[in-house]
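Some notes on the structure that comes next.
Quick look at the structure:
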């Protein structure tokens, strides 16, 4: 089948424009939000800017490389990719191998160079699940033969990520996979049953770790502990509030002066709201909506079920991660510790995200029409 696919010469240029705007905004805002902290910590105001530009350059190169790899190649190596991702998730849990940052043992690396295996798992599981569902779609309506085996795989990966622990990444992974199962044709009744079990399990996860309970109480009333668990969200709201409609102006944030901890990462959207106001924040949200729209369009025009599910998984992952990050920053949900795609400072996160977009761009080069060789 794959050798009959007709490849177009041009990728989705609108998606490329959206991506370029997000990347440019990210580099500018990483510098604007970090130069005070960077000067203090490293005696170099451009420390984070230089590294983010390097990550972006490496990510763009990887994206271009992935854009020229025929998407069906990933189906051939889906099992190997998933196996490597599971090995990395196990390695990160070994004391002395995994690196602890921010209370989570989520990184593997040497010195300044490190990778986050959970980021690889998100993409690896999407590829494998798209392959599995495209091959055995007829079983997805069966609870025992289709739905439960998929759930076992998904929650095994989720469990390993939670051992780090990293609830934010785990949530994105599970929700993304649920969307893929739904698009593949899983029964709604199975999701309703899963929802009940999920609520009980989520309550159990919260109750099992005191810091998660503290995050819930801080979400409900952050001013009860303004210098402790409520500190981040209070400082985030203090950043967004004064921004008003037009913002204080690029570079004029006050909260980055050691009030909002490391604002170039998870809370970069707060600095966007403070410096660029409601208009700047709305423009970023619109760009993510446009990104999701292009993903939906590409999936509708995808030539086969594997490519369609692959696009759905990647697009859902990016949209969910953006939605969760922004919701945390504006106080709609408890703090989860997850980056804003393309904008937050980070190496493996940005690079893997751009690789994912490279796969989308490759699929966009194919049409539903097929022709014989």
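In this note's numbering, the protein residues as written are 42 to 414. Just so you know, even glycine gets a beta-carbon here, dropped at the ideal spot from N, CA and C.
Item to check | CB-CB length for residue 131 against residue 208, believed under 8 Å | outcome: Position 90 of the chain shown, counting from 1, holds the residue named residue 131. Position 167 of the chain shown, counting from 1, holds the residue named residue 208. By a beta-carbon distance limit of 8 Å, residue 131 does not contact residue 208. Their separation comes to about 19 Å.
Checklist entry - So is residue 97 buried or exposed if we call it buried at 16+ other beta carbons inside 10 Å? => result Translated into positions along the chain shown, residue 97 becomes position 56. Within 10 angstroms of the beta-carbon of residue 97 lie 16 or more other beta-carbons, which makes it buried.
Checklist entry - How many whole angstroms separate the CB atoms of residue 318 and residue 310, which I take to be in contact at a CB cut-off of 8 Å? => result Along the chain shown, one-based indexing puts residue 318 at 277. Along the chain shown, one-based indexing puts residue 310 at 269. That belief does not hold up - the Cβ atoms of residue 318 and residue 310 are roughly 12 Å apart, past 8 Å.
Item to check | Whole-Å CB distance - residue 354 paired with residue 217, under 8 Å assumed | outcome: Along the chain shown, read from residue 1 onward, the residue named residue 354 stands at position 313. Along the chain shown, read from residue 1 onward, the residue named residue 217 stands at position 176. The beta-carbon distance between residue 354 and residue 217, rounded to whole angstroms, is 6 Å. This is short enough to meet the 8 Å contact definition.
Checklist entry - Taking residue 121 as the reference, which of 379, 341, 168 and 228 has the closest Cα? => result Here residue 121 refers to the residue found at position 80 when the chain shown is read from its first residue. Comparing Cα-Cα distances from residue 121 to each of 379, 341, 168 and 228, the minimum goes to 168.
Item to check | Straight-line Cα distance separating residue 324 from residue 296 | outcome: Your numbering for residue 296 matches position 255 in the chain shown. Your numbering for residue 324 matches position 283 in the chain shown. Whole-angstrom Cα-Cα distance: 21 Å.
Item to check | CA-to-CA distance, residue 405 to residue 54, given in whole angstroms | outcome: Taking the chain shown and counting its residues from 1, one reaches residue 54 at position 13. Taking the chain shown and counting its residues from 1, one reaches residue 405 at position 364. So the alpha carbons of these two residues sit roughly 10 Å apart.
Checklist entry - What are the boundary residues of the alpha helix (DSSP H) that residue 70 is part of? => result Reading the chain shown from its first residue, position 29 is the one you call residue 70. 54-83 is the extent of the alpha helix (DSSP H) around residue 70.
Checklist entry - Just how far apart, CA to CA, sit residue 92 and residue 403? => result For the purposes of this step, residue 92 is taken as residue 51 along the chain shown, with counting starting at 1. For the purposes of this step, residue 403 is taken as residue 362 along the chain shown, with counting starting at 1. The straight-line gap from Cα to Cα measures roughly 27 Å.
Next on the checklist: Need the endpoints of the alpha helix (DSSP H) that residue 358 sits in, please.
Outcome noted: By one-based count along the chain shown, residue 358 stands at place 317. 346-370 is the extent of the alpha helix (DSSP H) around residue 358.
Checklist entry - Taking buried to mean at least 16 other C-beta atoms within 10 Å of its own C-beta, is residue 102 buried or exposed? => result Here residue 102 refers to the residue found at position 61 of the chain shown. So residue 102 ends up on the exposed side.
Item to check | Environment of residue 349 [buried if 16+ CB atoms lie within 10 Å] | outcome: To locate residue 349, count along the chain shown from 1; it is residue 308. Per the 10 Å Cβ criterion, buried.
Checklist entry - Which of helix, strand or coil does DSSP assign to residue 138? => result By one-based count along the chain shown, residue 138 stands at place 97. It is coil, neither helix nor strand.
Checklist entry - Expressed to the nearest angstrom, what Euclidean distance is found between the alpha-carbon atoms of residue 359 and residue 199? => result Within the chain shown, numbered from 1, the residue matching residue 359 stands at position 318. Within the chain shown, numbered from 1, the residue matching residue 199 stands at position 158. Taking the straight line from one Cα to the other gives about 18 Å.
Next on the checklist: Restricting to Cα atoms, I'd like to know which of 99, 366 and 244 is closest to residue 213.
Outcome noted: What you label residue 213 is simply residue 172 of the chain shown in a count that begins at 1. Of the listed residues, the one whose Cα sits closest to residue 213 is 366.
Next on the checklist: For residue 414 and residue 332, what's the separation of their Cα atoms in angstroms?
Outcome noted: Along the chain shown, one-based indexing puts residue 414 at 373. Along the chain shown, one-based indexing puts residue 332 at 291. Low confidence applies here, because residue 414 scores a pLDDT of 32, under 50, leaving its location unreliable and the question unanswered by this model.
Next on the checklist: Tell me the DSSP secondary structure of residue 146 in three-state form.
Outcome noted: The residue you call residue 146 lines up with position 105 of the chain shown. Strand, per DSSP.
Next on the checklist: Tell me which residues share the same chain as residue 237 and place their Cβ nearer than 8 Å to its Cβ, disregarding the 5 neighbours each side in the sequence.
Outcome noted: Counting from one through the chain shown, the residue named residue 237 turns up at place 196. Result list for residue 237: empty, nothing under 8 Å.
Checklist entry - In three-state DSSP terms, what is residue 128? => result Taking the chain shown and counting its residues from 1, one reaches residue 128 at position 87. Here residue 128 sits in helix by DSSP.
Checklist entry - Counting Cβ pairs closer than 8 Å, one from the segment 224-232 and one from the segment 258-265, do we hit at least three? => result no
Item to check | Proximity below 8 Å, CB of residue 210 to CB of residue 163 | outcome: As a first step, residue 210 is located in the chain shown; it is residue number 169 there, counting from the start. As a first step, residue 163 is located in the chain shown; it is residue number 122 there, counting from the start. Cβ atoms of residue 210 and residue 163: closer than 8 Å.
Checklist entry - To which residues of the same chain is residue 363 closer than 7 Å at the C-beta, ignoring the five residues directly before and after it? => result Locating residue 363 in the chain shown gives position 322, where the first residue counts as 1. Only 329, 381 and 382 meet the Cβ criterion.
Checklist entry - CB-CB under 6 Å to residue 86, same chain, minus the five flanking residues each way: which ones, in chain order? => result Mapped onto the chain shown, residue 86 falls at position 45. Hits under 6 Å: 76, 79 and 80.
Checklist entry - If residue 386 and residue 71 are in contact, beta carbons under 8 Å, what's the gap, nearest whole angstrom? => result Taking the first residue of the chain shown as position 1, residue 386 is located at position 345. Taking the first residue of the chain shown as position 1, residue 71 is located at position 30. Rounded, the Cβ-Cβ distance is 5 Å, consistent with contact.
Checklist entry - Using DSSP with H/G/I as helix, E/B as strand and the rest coil, what is residue 155? => result Within the chain shown, the letter at position 114 stands for residue 155. Residue 155 falls in the strand class under three-state DSSP.
Checklist entry - Under three-state DSSP, which class holds residue 407? => result The count along the chain shown starts at 1 and reaches residue 407 at position 366. In the structure shown, residue 407 sits in a strand (DSSP, three-state: E or B).
Next on the checklist: To the nearest angstrom, how far is the alpha carbon of residue 61 from that of residue 183?
Outcome noted: Reading the chain shown from its first residue, position 20 is the one you call residue 61. Reading the chain shown from its first residue, position 142 is the one you call residue 183. In a straight line, the C-alpha of residue 61 is about 42 Å away from that of residue 183.
Checklist entry - Nearest to residue 196 by CA position, among 175, 171 and 166, is which residue? => result Locating residue 196 in the chain shown gives position 155, counting from the first residue. The shortest C-alpha separation from residue 196 is found at 166.
Item to check | For residue 370 and residue 278, the rounded distance between their alpha carbons | outcome: Here the question's residue 278 lines up with position 237 in the chain shown. Here the question's residue 370 lines up with position 329 in the chain shown. Taking the straight line joining both Cα atoms gives about 8 Å.
Item to check | Cβ neighbours of residue 335 in the same chain (closer than 7 Å, five flanking residues each side left out) | outcome: Numbered from its first residue, the chain shown carries residue 335 at position 294. 53, 55, 56 and 59, listed in sequence order.
Next on the checklist: Less than 8 Å between the beta carbons of residue 280 and residue 326, yes or no?
Outcome noted: Reading the chain shown from its first residue, position 239 is the one you call residue 280. Reading the chain shown from its first residue, position 285 is the one you call residue 326. Result no, Cβ atoms of residue 280 and residue 326 do not sit closer than 8 Å.
Item to check | DSSP-derived helix/strand/coil call for residue 401 | outcome: For the purposes of this step, residue 401 is identified with residue 360 of the chain shown, where counting begins at 1. Note: residue 401 maps to helix in three-state DSSP.
Next on the checklist: Using only CA atoms, which one of 188, 147 and 177 lies nearest to residue 206?
Outcome noted: On the chain shown, residue 206 is found 165 positions in, with the first residue counted as 1. For the residues 188, 147 and 177, the minimum Cα distance to residue 206 belongs to 147.
Next on the checklist: Measuring only the C-alpha atoms, how far is residue 64 from residue 263?
Outcome noted: Sequence index remark: in the chain shown, residue 64 carries index 23 (1-based). Sequence index remark: in the chain shown, residue 263 carries index 222 (1-based). Their Cα atoms are separated by approximately 32 Å.
Checklist entry - According to the Cβ coordinates, are residue 171 and residue 221 closer than 8 Å? => result Along the chain shown, read from residue 1 onward, the residue named residue 171 stands at position 130. Along the chain shown, read from residue 1 onward, the residue named residue 221 stands at position 180. Contact flag set, yes.
Checklist entry - DSSP three-state call for residue 304: helix, strand or coil? => result Stepping through the chain shown from its first residue, residue 304 is reached at position 263. Correct three-state label for residue 304: coil.
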